[in-house]
């Protein structure tokens, strides 16, 4: 499948949503894997470049203690951990 990641259009759309409501989350479903019977879903939030410049942790922390999934090469190429980060679903 394609895996779950945000395109540049998705990033721009999410940026608009996060400006309107700071708690917005982008939810992505892999259409190929999901059709095969294995639903692959992920949630993302954008990384604010100003937060990174200031040296603060850009990711929101929660009490959701889970496992970390290894990101796909496709997701890394499309900006995962550079423009946005994944939230455990």
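Numbering (UniProt numbering), first residue to last: 1 to 89. Where is the CB? At the ideal position from N, CA and C, for every residue including glycine. No experiment lies behind these values; they were computed from the predicted model shown.
Membership of residue 34 in any beta strand (DSSP E) is not indicated; the residue belongs instead to the alpha helix (DSSP H) covering 31 to 35. Within the same chain, Cβ atoms closer than 8 angstroms to the Cβ of residue 28 are found at 4, 5, 6, 10, 41, 42, 43 and 44, the five residues on either side in sequence being excluded. If you draw a 10 Å sphere on the C-beta of residue 76, you find fewer than 16 other C-beta atoms in it, and that means exposed.
DSSP, reduced to helix, strand and coil, places residue 80 within a strand of the structure shown. The alpha-carbon of residue 2 is positioned some 8 angstroms away from that of residue 31. Residue 75 is not bridged by DSSP to any residue.
Residue range 8 to 20 is occupied by the alpha helix (DSSP H) that includes residue 17.
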